[in-house]
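Number of protein chains: 2
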Amino acid sequence: MKYGIAIFPSKDIQDVANSYRMRYDPHYALIPPHITLKEAFEEEDEDIEKVVEEISEVAKETNPFSMAIRKLSTFSPVTNTIYMKVEASEELQNLHDRLNRTDIPKEDTFNFVPHITIAQKLSDDEHSDVYGSLQMKSFEFEERIDRFQLLYQLDNGSWTVYETFRLGKG
Amino acid sequence: MKYGIAIFPSKDIQDVANSYRMRYDPHYALIPPHITLKEAFEEEDEDIEKVVEEISEVAKETNPFSMAIRKLSTFSPVTNTIYMKVEASEELQNLHDRLNRTDIPKEDTFNFVPHITIAQKLSDDEHSDVYGSLQMKSFEFEERIDRFQLLYQLDNGSWTVYETFRLGKG
Chain A
1 MKYGIAIFPS KDIQDVANSY RMRYDPHYAL IPPHITLKEA FEEEDEDIEK
51 VVEEISEVAK ETNPFSMAIR KLSTFSPVTN TIYMKVEASE ELQNLHDRLN
101 RTDIPKEDTF NFVPHITIAQ KLSDDEHSDV YGSLQMKSFE FEERIDRFQL
151 LYQLDNGSWT VYETFRLGKG
Chain B
1 MKYGIAIFPS KDIQDVANSY RMRYDPHYAL IPPHITLKEA FEEEDEDIEK
51 VVEEISEVAK ETNPFSMAIR KLSTFSPVTN TIYMKVEASE ELQNLHDRLN
101 RTDIPKEDTF NFVPHITIAQ KLSDDEHSDV YGSLQMKSFE FEERIDRFQL
151 LYQLDNGSWT VYETFRLGKG
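For the record, the sequence lines run as chains A and B.
Residue 81 in the UniProt record's numbering sits at position 81 of the first sequence; the count goes up by one each step and never skips.
Residue 66 in the UniProt record's numbering sits at position 66 of the second sequence; the count goes up by one each step and never skips.
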């Protein structure tokens with residue numbers, strides 16, 4: 001099965017993100033707004049409990065931390081993806097790095113840019129228009145992150161939560 | 001915030017349910033296929049951790065159990081809702097009843113009919129057609145339930161998982 005690891009931010013942030021995703025993100029219905037900690041990886045069902053134990057250990061050894069969003073950004077010209085930029089923090093980077101060690105399947109091959117996607121798969125023109133108009137708006141959030149989730153993907157592309165991990169607890 | 005409690009069955013069952021929900025259930029995009037254990041209830045954010053402790057206690061005192069699906073059924077004529085009927089079991093009934101005690105907000109006011117909705121809000125004609133054609137198909141599943149989830153509802157009506165509870169563990 002295909003698994004992934006993500007943080008769901010507070011309802012406030014999710015509601016704001018969804019107000020844009022509804023129009024600009026074809027993945028709107030597949031998963032709530034989230035920060036990906038580990039990209040999709042394949043794991044056999046019978047081995048997932050071992051992975052859960054590994055992840056639980058990482059969660060236990062990571063304290064809850066503060067997450068800030070101050071602005072939007074874009075992955076253009078690589079992809080026409082607009083996102084709420086999550087401020088870099090040592091805690092978030094460490095959590096990401098530990099979840100992408102070799103004993104949890106599949107290391108990320110690109111740099112970790114923590115973000116919450118609000119628009120993707122836009123045409124170049126759409127991207128310019130949407131990014132231009134969104135830049136007038138303020139996106140300011142700060143909140144405490146105390147958990148993250150392991151999810152699996154269904155055949156229709158949507159994601160179901162398998163397990164919740166509490167930071168500092170497991 | 002509005003919270004609810006549900007079991008997500010295995011990916012196999014969710015994939016089958018979604019193949020029908022895609023066409024026949026307007027809630028398709030709001031939540032994965034599920035068995036509702038506790039209908040939506042309001043709780044203040046600052047009180048939810050107390051509720052989580054209560055629920056965790058119930059989870060810890062409930063052993064994993066076997067769940068069987070043998071056929072489809074319908075809530076017609078009350079509502080034109082078609083569902084996979086989850087066979088009655090003492091464990092499931094007890095879990096439901098304990099999660100609907102008075103110290104967890106809001107008791108259910110109707111009987112517990114465990115089910116996975118695959119079609120709803122159909123017209124009478126649609127309901128007859130769909131139910132008629134689905135009755136030719138076999139729906140046979142049996143699996144072990146070892147967890148359930150506490151979710152909250154976003155402004156767009158979709159649900160995000162807040163916490164996972166493991167049966168026998170909490």
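Beta carbons: idealized from backbone N, C-alpha and C, even for Gly.
Only a predicted model underlies this, so the values are computations on that prediction, with no experimental measurement involved.
| task | To the nearest angstrom, report how far apart TYR28(A) and ASP124(A) are at their CA atoms. | result | 20 angstroms
| What did DSSP end up calling GLN14(B) once you bin it into helix, strand or coil? | helix
| query | Based on Cα-Cα distance, which residue from GLN120(A), GLY168(A), GLY132(A), SER138(A) lies nearest to TYR24(A)? | reply | GLN120(A)
| So does ALA17(B) have its beta carbon nearer than 7 angstroms to some heavy atom of the ligand COA? | Absent from the structure shown: the ligand COA. Ligands present: none.
| said: Pop quiz: SER158(B) and ILE48(B) are said to be a contact at Cβ under 8 angstroms. What is the actual Cβ separation, rounded to whole angstroms? | reply: Contact doesn't hold; Cβ gap of about 18 angstroms is too wide.
| query | Considering only the beta carbon of each residue, do LEU99(B) and TYR83(B) sit closer than 8 angstroms? | reply | no
| Cβ of ALA29(A) within 8 angstroms of any chain B Cβ | yes
| query | Is ARG21(A) buried or exposed, if buried means 16 or more other CB atoms sit within 10 Å of its CB? | reply | buried
| Whose Cβ in chain A lies nearer than 7 angstroms to the Cβ of GLU42(B)? | What GLU42(B) touches in chain A: nothing, since even the nearest Cβ is about 13 angstroms away.
| Just curious, the alpha helix (DSSP H) that ILE48(A) is in, first and last residue? | 48–60
| said: Can you pull the chain B neighbours of LEU167(A), defined as C-beta to C-beta under 7 angstroms? | reply: None at all; the shortest Cβ gap to chain B is about 13 angstroms.
| In its own chain, which residues sit with a C-beta less than 8 angstroms from the C-beta of THR62(A), not counting the 5 before and 5 after it? | GLU91, ASN94, LEU95, ARG98, LEU167, GLY168
| request: Just the chain B side, please: which residues come within less than 7 angstroms of LEU37(A) by C-beta, in chain order? | output: Chain B residues near LEU37(A): none, gap ~15 angstroms exceeds 7 angstroms.
| Contacts of VAL161(A) in chain D (Cβ-Cβ under 7 angstroms) | Protein chains A and B are contained in the structure displayed, whereas chain D is not.
| request: In the DSSP assignment, find the unbroken beta strand (DSSP E) run with GLY132(B) in it and report its ends. | output: Here GLY132(B) belongs to no beta strand (DSSP E); instead the alpha helix (DSSP H) covers 124–134.
| field | Cut-off 7 angstroms between Cβ atoms - residues of its own chain near PRO64(A), not counting five sequence neighbours on either side | value | ARG144, ILE145, ASP146, LEU167, GLY168
| said: I want to see whether chain A comes within less than 8 angstroms of LYS121(B), judged by CB atoms only; does it? | reply: no
| field | Where VAL16(A) falls, given that 16 or more other Cβ within 10 Å makes a residue buried | value | buried
| Proximity of ALA6(A) and GLN153(A) at Cβ, strictly below 8 angstroms | no
| request: Give every residue of the same chain whose Cβ lies closer than 8 angstroms to the Cβ of GLU140(A), excluding the five residues on either side of it in the sequence, and list them in chain order. | output: ILE69, ARG70
| message | At the level of alpha carbons, what is the spacing between GLU142(A) and GLU54(A)? | response | 29 angstroms
| Looking at C-alpha atoms only, which residue of GLN149(B), GLY170(B), ASN156(B) is the closest neighbour of LYS11(A)? | ASN156(B)
| Taking only beta-carbon atoms, is PHE65(A) less than 8 angstroms away from chain B? | no
| request: Count the other CB atoms, across all protein chains shown, that sit within 10 Å of the CB of THR79(A); report buried if there are 16 or more and exposed otherwise. | output: exposed
| field | Minimum Cβ-Cβ distance from ASP146(B) to chain A less than 8 angstroms | value | no
| request: In angstroms with no decimal places, state the Cα-to-Cα distance between GLN14(B) and LYS50(B). | output: 31 angstroms
| Pick from ALA59(B), THR74(B), PHE165(B), HIS34(B): whose alpha carbon is nearest that of VAL130(B)? | THR74(B)
| Cα-Cα separation, residue 173(A) to TYR3(A) | Past the boundaries of the shown model lies residue 173(A); chain A is included only from 1 to 170, so the question cannot be answered.
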